[in-house]
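Asker:
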Amino acid sequence: MKKILMLHGINHNMFGKRDPVQYGTVTLEEIDGQLQALGRELGVEVDSYQTNQEGDMCLRIHQAFTDGVDAVLINAGAWTHYSYGIRDALAILSCPVVELHMSNIHAREPFRHVSVFADVVKGQICGFGVDSYLLALRAAVSALR
9 MKKILMLHGI NHNMFGKRDP VQYGTVTLEE IDGQLQALGR ELGVEVDSYQ TNQEGDMCLR
69 IHQAFTDGVD AVLINAGAWT HYSYGIRDAL AILSCPVVEL HMSNIHAREP FRHVSVFADV
129 VKGQICGFGV DSYLLALRAA VSALR
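Below, the structure is given as structure tokens:
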């Protein structure tokens, strides 16, 4: 069975409590539950990881490389816009990487319009709320075919 790693970034443990205008009221656990259910439907295993520590995120990406995961989904939150460390860790991966965001980062503050990951990911999905996660999973599975 193909293994997909979902990486949740900084402050995502606060989904459901944080800025409901941008992120809705869904919790991280509910998002992961929806990913698990869709993963079963698509015939893949989804493993989720969340951290508020940038170095820990890099270490988890390194572990994904070592483990040979088949694809990675990443919503790095604010790190998307400035973490060259995470960008460089993602560049190590040889599997498809799909960047995603619940909000439309291009319709928000100017600093959010830039993704330092853009040149090392397969693609980006943003602006569809929780559906951004599900669309990203579908895109990753499609990229594996």
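Letter by letter, the sequence shown follows residues 9 to 153 of the numbering used here.
Glycine included, each C-beta is placed from N, C-alpha and C at the ideal position.
Residues in its own chain within less than 8 Å of L108 by CB, not counting five upstream and five downstream?
Answerer: Within the same chain, L108 has close Cβ partners L81, I82, N83, Q132, I133, C134, S140, Y141, L143, A144.
Asker: For the beta strand (DSSP E) that contains M22, what are its first and last residues?
Answerer: Element bounds for M22: n/a, residue is neither H nor E.
Asker: Threshold first: 4 residues or longer. Then list the alpha helix (DSSP H) segments lying entirely within the stretch 41 to 89, N to C.
Answerer: Whole alpha helix (DSSP H) segments, 4+ residues: 62 to 75.
Asker: Does the Cβ of R95 have 16 or more other Cβ atoms within 10 Å, making it buried, or fewer, making it exposed?
Answerer: Classification for R95: buried.
Asker: Starting from G93, trace the alpha helix (DSSP H) in both directions and tell me its first and last residue.
Answerer: Segment 92 to 100, the alpha helix (DSSP H) holding G93.
Asker: By DSSP, does L15 sit in helix, in strand, or in coil?
Answerer: Three-state DSSP puts L15 in a strand.
Asker: What's the gap between the Cα of G115 and the Cα of E38?
Answerer: Residue 115 is actually Ala in this sequence, not Gly. For A115 and E38, the distance between alpha carbons rounds to 25 Å.
Asker: Quick check: H16 and Y57, are their CB atoms within less than 8 Å of each other?
Answerer: In this structure, Y57 lies closer than 8 Å to H16 by Cβ.
Asker: Compute the Euclidean distance between the alpha carbons of G85 and L13, then round it to the nearest angstrom.
Answerer: Going from the Cα of G85 to the Cα of L13 covers about 16 Å.
Asker: When you compare only the Cα positions, how much space is there between E117 and H89?
Answerer: Taking the straight line from one Cα to the other gives about 11 Å.
Asker: Once the 5 residues before and after V122 are set aside, which same chain residues still bring their CB inside 8 Å of it?
Answerer: Same-chain partners within the cutoff: H89.
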